[in-house]
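Let me begin by presenting the structure, written as structure tokens, before commenting on it.
Encoded structure:
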């Protein structure tokens with residue numbers, strides 16, 4: 001094999017590839033997750049964006065920034081303001097409950113992004129503007145825009161009582177939320193205190209002693225006052241008498257030790273994004289939380305308070321701390337994700353403690369420091385570490401050449417987060433420092449040097465060095481100099497030595513520029529002197545016909561962000577090659593909005609190459625076509641599949657994938673004749689198909705993948721039953737009519753997100769399984785007695801996502817299970833049920849003191 005393989009091999013990309021491979025082997029969706037396991041809340045908000053331009057902007061930000069939508073770091077860890085709000089309602093055990101995540105996303109819309117500001121927008125308003133809901137270390141958004149002053153939605157005592165009755169009638173353990181009511185009377189507070197449920201959420205901005213006394217009598221399991229900035233001593237003395245857990249996530253002042261102790265006593269991570277100052281006594285109280293403590297609002301903290309914070313039982317994050325004056329605190333922070341991007345000065349001794357801890361070179365580990373803090377002496381201490389560390393420097397200030405040279409000679413993986421350009425001397429240092437580093441295919445590793453804010457690629461030496469050593473990692477580049485294009489186009493192909501000793505020359509490298517909006521014919525000509533394994537230009541809109549034609553014939557995998565495909569452009573892809581060795585590739589149009597029937601006819605005719613039938617099934621010789629993006633939760637591009645266009649696309653003999661906002665019945669009927677290899681439709685259009693559309697799609701001869709949310713079509717269930725299916729991962733409900741057909745499916749029956757199990761027939765199918773594992777239903781909300789008896793009598797253990805259990809009969813049935821039952825999400829139960837569960841040796845639950853006791 002050639003010494004260099006020019007493919008992006010940063011750890012994150014490889015991890016995603018590994019996830020995709022695993023998903024393929026396990027029969028899961030092709031959709032790529034861009035955000036963490038609790039990202040369904042944000043994706044629900046994303047779908048409500050009205051402005052198409054804002055929606056596209058947000059979709060691109062999510063693709064590039066991943067976990068930093070909710071977290072301070074790009075890979076998880078401590079959460080930002082938005083993530084903290086989401087985490088108040090979502091726990092890790094909720095990661096497979098899509099319905100719960102969507103509900104939480106809807107509840108986030110009316111919550112103020114920064115209640116300490118008089119005219120703060122809500123999270124929902126920010127997202128409508130095309131902005132991420134909060135700032136992270138990798139996503140420095142502009143200051144919050146001012147919006148018109150909000151008027152409190154007043155509520156009378158009678159309305160409060162009626163609302164309590166309504167929510168309790170709708171759910172045995174529900175959530176009552178009034179985020180747009182900014183003040184209430186003590187009498188109204190007393191009425192809300194009668195609410196028995198999971199959480200009482202109020203948007204009041206001030207907490208008077210009288211209202212606090214009334215709310216202290218709340219019978220809810222949790223009370224969240226998300227817009228209260230400060231609490232007077234009298235109100236604090238009153239509210240700490242609350243029996244349930246108290247959440248005050250927007251505090252800017254905290255002076256009551258008993259209140260701090262009350263807040264720290266609740267389960268889960270503790271975070272105060274707006275808290276500006278604390279005393280030693282408050283620090284000691286908050287430090288008792290055994291999960292984690294994040295104080296993003298603290299900047300200037302005295303050494304005495306720093307010493308006390310170092311005693312925190314769980315993890316500790318102080319991401320805006322400006323000085324580090326406590327040795328115990330240095331040691332404490334080094335034990336977790338090091339987030340110190342605002343500390344302006346570090347000593348070599350402090351750096352020696354902070355860097356080199358096990359795990360800092362992993363996917364979930366990193367050290368964030370200020371660029372200004374890394375002096376030559378500090379860099380020398382860092383470089384002496386003999387362990388891999390992911391070092392991310394924040395700030396666009398000048399980086400001394402000596403520092404860059406020292407770091408590149410070490411085992412550190414360096415990210416210069418805010419550096420937009422390097423000096424000629426620094427480019428030479430990079431070339432020398434990375435000269436012996438080669439990107440290795442198939443090996444999990446971070447890029448040795450990342451410049452995520454680099455916008456102009458005008459140094460051939462820098463471009464060639466980075467590509468050789470770290471792969472294509474230029475997320476913000478919008479301009480490419482001719483000499484750079486020429487250098488990249490001159491990179492050698494990959495040489496693959498086969499078992500028989502022959503050498504096969506293959507296209508190498510992934511030419512990827514996510515932010516590039518224009519590609520001139522001359523730049524394209526220089527880049528395309530070689531063939532590429534893949535080419536991805538998802539933001540390019542201004543491009544010539546000749547350039548598209550050249551791109552298509554120089555890669556087997558092309559992603560192009562053009563918004564329209566006129567007829568004169570439609571045959572430009574006719575010479576797209578197929579990589580039969582890896583069975584990958586195709587043409588993707590993530591932002592295509594317009595495709596006329598004539599363009600579709602020309603496109604299909606130019607790409608149709610026939611189907612090969614062999615012992616392993618049907619294989620297409622044509623590249624796959626993707627309209628929209630496979631990124632999970634992405635918005636449809638606005639692509640409208642008219643019946644006439646669908647008629648033409650149905651003549652394609654390759655694979656078709658769509659992300660659609662809607663699917664007319666006539667278009668579904670047109671696709672029923674599609675005789676290609678594979679038909680996949682994602683997005684809101686298929687979450688609940690009309691009966692006619694479902695019946696039509698069930699007739700298609702191709703392998704059909706439709707991740708429906710509600711399956712109420714017998715023809716579609718019959719279709720899923722006889723083909724290998726990856727359509728089950730989103731299925732939350734199955735109608736009684738569809739169950740008999742679906743249970744005939746003989747492969748692994750991975751319907752994990754089902755919410756209601758009241759069908760004996762479906763319960764028996766889960767018990768039969770198709771694998772040696774147990775019955776896993778993490779999103780289950782309701783279980784009938786007969787279904788419980790069948791699960792308990794089976795030969796498999798059960799993992800059930802029930803949050804509420806108020807049936808003694810069901811609890812008794814589950815207690816008889818020989819293989820065991822896990823109820824990790826149980827939050828509420830009646831006294832009778834709790835007594836049964838305590839006696840049951842085969843049932844695992846959370847600690848009973850954390851389970852809310854429902855009335856009989």
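Residue numbers (UniProt numbering): 1 to 856.
Even glycine gets a Cβ: it sits at the ideal position worked out from N, Cα and C.
Only a predicted model underlies this, so the values are computations on that prediction, with no experimental measurement involved.
Reference residue i, options the options, closest by Cα
i           : options            : result
residue 364 : 742, 815, 104, 74  : 74
residue 240 : 226, 354, 215, 409 : 215
residue 51  : 638, 100, 566, 502 : 638
residue 809 : 783, 801, 820      : 783
residue 237 : 174, 257, 221, 252 : 257
residue 779 : 732, 553, 181, 380 : 732
residue 625 : 618, 608, 328      : 608
residue 357 : 749, 330, 685      : 330
residue 591 : 538, 621, 64       : 538
residue 231 : 200, 249, 129, 221 : 249
residue 749 : 493, 758, 412, 777 : 777
residue 107 : 203, 802, 144, 558 : 203
residue 262 : 275, 682, 244      : 244
residue 197 : 190, 208, 164, 178 : 164
residue 491 : 515, 474, 463, 613 : 463
residue 621 : 643, 653, 707      : 653
residue 297 : 288, 289, 437, 317 : 317
Beta-ladder partner(s) of residue i, from DSSP
i           : result
residue 711 : 734
residue 79  : 71
residue 88  : Residue 88 is not bridged to any residue.
residue 705 : 680
residue 659 : 682
residue 559 : 536, 588
residue 391 : 367, 414
residue 594 : 564
residue 624 : 586
residue 619 : 612
residue 101 : Residue 101 pairs with nothing; no bridge assigned.
residue 725 : DSSP lists no partner for residue 725.
Cβ neighbours of residue i in the same chain (closer than 8 Å, five flanking residues each side left out)
i           : result
residue 268 : 87, 91, 291
residue 305 : 278, 279, 280, 283
residue 343 : 321, 322, 323, 324, 369, 370, 373
residue 555 : 507, 511, 531, 532, 533, 534, 535, 576, 577, 585
residue 856 : 830, 831, 832
residue 486 : 460, 526, 529
residue 785 : 807, 809, 810, 813
Residue i CB to nearest heavy atom of the ligand MG below 8 Å
i           : result
residue 199 : Of ligands this structure carries none, so the ligand MG is not represented either.
9 Å Cβ cutoff met for residue i and residue j
i           : j           : result
residue 677 : residue 702 : yes
residue 713 : residue 691 : yes
residue 351 : residue 326 : no
residue 223 : residue 246 : yes
residue 705 : residue 725 : yes
residue 628 : residue 679 : no
residue 69  : residue 132 : yes
residue 449 : residue 477 : no
residue 435 : residue 406 : no
residue 183 : residue 205 : yes
residue 568 : residue 604 : no
residue 791 : residue 751 : no
residue 543 : residue 527 : no
residue 570 : residue 600 : yes
residue 65  : residue 294 : no
Same chain, Cβ closer than 7 Å to residue i, five either side skipped, listed in chain order
i           : result
residue 720 : 727, 742, 745
residue 396 : 418, 419, 420
residue 188 : 155, 157, 160
residue 56  : 591
residue 111 : 85, 122, 123, 179, 226
Cβ shell of residue i (< 6 Å), same chain only, five flanking positions each side left out
i           : result
residue 845 : 823, 826, 837
residue 100 : 94
For the stretch 146 to 224, which segments carrying the beta strand (DSSP E) assignment without a break, of at least 3 residues, lie completely within its bounds, in sequence order? 175 to 178, 199 to 202
Which runs of the beta strand (DSSP E) spanning at least 3 residues fall entirely within the stretch 251 to 333, listed in chain order? 292 to 294, 315 to 317
Run through the stretch 735 to 817 for me and flag every whole beta strand (DSSP E) of 3 or more residues, listed as ranges in chain order. 775 to 777, 798 to 800
Runs of 3 residues minimum, wholly inside the stretch 415 to 494: which ones carry the beta strand (DSSP E) assignment? None, since the stretch 415 to 494 contains no complete beta strand (DSSP E) of that length.
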